[in-house]
Structures are given as C-alpha cells and as structure tokens.
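Protein chains in written order, with our numbering: chain A, 1 to 114; chain B, 1 to 116. Ideal Cβ placement from N, Cα and C applies to all residues, glycine included. Quick notes on the structure that follows.
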C-alpha cells in the first residue's frame, strides 16, 4: 500500500509569485484535504476535494485554489504569494463516505516566501 | 464554535516516567477525536482515534486515550515514556459533513521532551 506523497519537499518563492504544490493520495482513498501549518502552530484546514470538486473550505482567501484529478491526486495553487504564506503545507487523504474516516498525512512541503 | 485546546505548550518527562497530555474540545455533537504525532520536519502520524463505544482507546506505540464527555476531554497517556517519543503531539476533532469527516480542527500542540 502506497502512502501519501507530496512534492516538492522544499520550495523558496518571492512575494507576489505563484506556486503549485502536488499530492498523491494513498491507494484506495478518494478524498484529499489540504492544511497549512505555520511555525509553532497546529495545522489549519484550507479545503477538501472529493470527486474532483471542492467539498468544504476553511478561512483562506480565493488566491488559494486547488484541483483534484481522476486518479485522486491533487494540487494546491497559491497566487500572489505573501510573506505570511510561509509554512508547511500538508496534504491528507481519506475515504469519503466512511463515517469518521481518518485522514492520513503526507510529509508536507515547506514553502518559504521571501 | 468548534475548537481544541491543548493547555500545555511544552512538557518534559524523564525516560521511563508516565505521561499524560491534556486535550479539551468544544463541539456541538458527538465528536470524532484524534491524536497525531509529528516528529521534526515530518508530517503527522495518527496515534489513535475515538469514534464511539468504549471510551478508553488504544493506539500505536503503547499510547492510549480516554474520552470523557462530561469534561469535554480526550487526554493521551503512556505508562512509560521512551526517548523516541520526543516529538510534538496534536489533538484534533473531526467536524462532520454529510456523515463523513470533512475537516480536522487541531489544537496548537504539545511539545514533549524526554530526559535520559
């Protein structure tokens, strides 16, 4: 069974640029959630994708957007990067429809905005 | 509003000593509760979960947690800590949407240090 993978591992961008982060879900899972973890904080829910559509969104501006593909992999796109976007971005996969289904996390992408 | 509170930011215990990490939640319905562990620079690993039934749940690595509805708590325990347990621990509540977990709401974490 393949776990959740994310790429790249680390990324450095300049304020105002755009970034795309990628996630491959665990085998058999059909739902992907994205979280932002700032330094010293707990992860904050960005949004979730199920059947290639957004299935819930946290308190993040529209410049945070995503995609889910037919193979259930996902992308997180952030436009007009700000310094406060520097964080660890975590992807989690789960099986929608399973009540209380736990989410399995990838290792994360560390984004630094300068 | 849904929230999770971990009152202890940092805890230090001696190797072999017992451990209890506190977690309190605020949620309007029966909660789905989780404990995750995060080693430096790593993602989150699920230690255990509570959905329903027995309020004492067993997890991996010798951890257990007890759900107490009257206290809105879900404290994590381990009878004897190993040096490899040093990490950050996050409690989370699952907010339901359409009958399945939609999102996790995390506490701010407790950083555990283990003294030899």
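With a threshold of 16 other CB atoms inside 10 Å of the CB of residue i, please say whether the residue is buried or exposed.
i, result
"residue 88(B)", "buried"
"residue 87(A)", "buried"
"residue 53(B)", "exposed"
"residue 83(B)", "exposed"
"residue 76(B)", "buried"
"residue 99(B)", "Because the pLDDT at residue 99(B) is just 48, under 50, the model does not fix this residue reliably, and the point stays unresolved."
"residue 40(A)", "exposed"
Where does residue i sit, in a helix, a strand or coil, going by DSSP?
i, result
"residue 21(B)", "strand"
"residue 83(A)", "helix"
"residue 107(A)", "coil"
For residue i, tell me which candidate among the options has the shortest Cα-Cα distance.
i, options, result
"residue 22(B)", "110(B), 114(B), 115(B) and 116(B)", "110(B)"
"residue 71(A)", "11(A), 8(A), 28(A) and 21(A)", "28(A)"
"residue 73(A)", "60(A), 92(A) and 85(A)", "92(A)"
"residue 51(B)", "78(B), 114(B), 95(B) and 116(B)", "95(B)"
"residue 12(B)", "35(B), 85(B) and 43(B)", "85(B)"
"residue 104(B)", "44(B), 61(B), 80(B) and 14(B)", "44(B)"
"residue 37(A)", "81(B), 106(B) and 29(B)", "106(B)"
"residue 60(A)", "53(A), 52(A), 68(A) and 48(A)", "48(A)"
"residue 81(A)", "75(A), 13(A) and 7(A)", "13(A)"
Starting from residue i, find everything on chain A with Cβ-Cβ shorter than 8 Å and list it in chain order.
i, result
"residue 56(B)", "The contacting residues do not exist; residue 56(B) stays about 17 Å from chain A at best."
Under 7 Å between beta-carbons, which chain A residues line up against residue i? List them in chain order, please.
i, result
"residue 109(B)", "42"
Interface residues of chain B around residue i at Cβ under 8 Å?
i, result
"residue 104(A)", "46"
According to a CB-to-CB cut-off of less than 8 Å, which residues of the stretch 43–55 of chain A neighbour chain B? 43, 44, 45, 48 and 55
Contact residues within the stretch 24–43 of chain B, judged by C-beta distance below 9 Å to chain A: 32, 34, 36, 38, 41, 42 and 43
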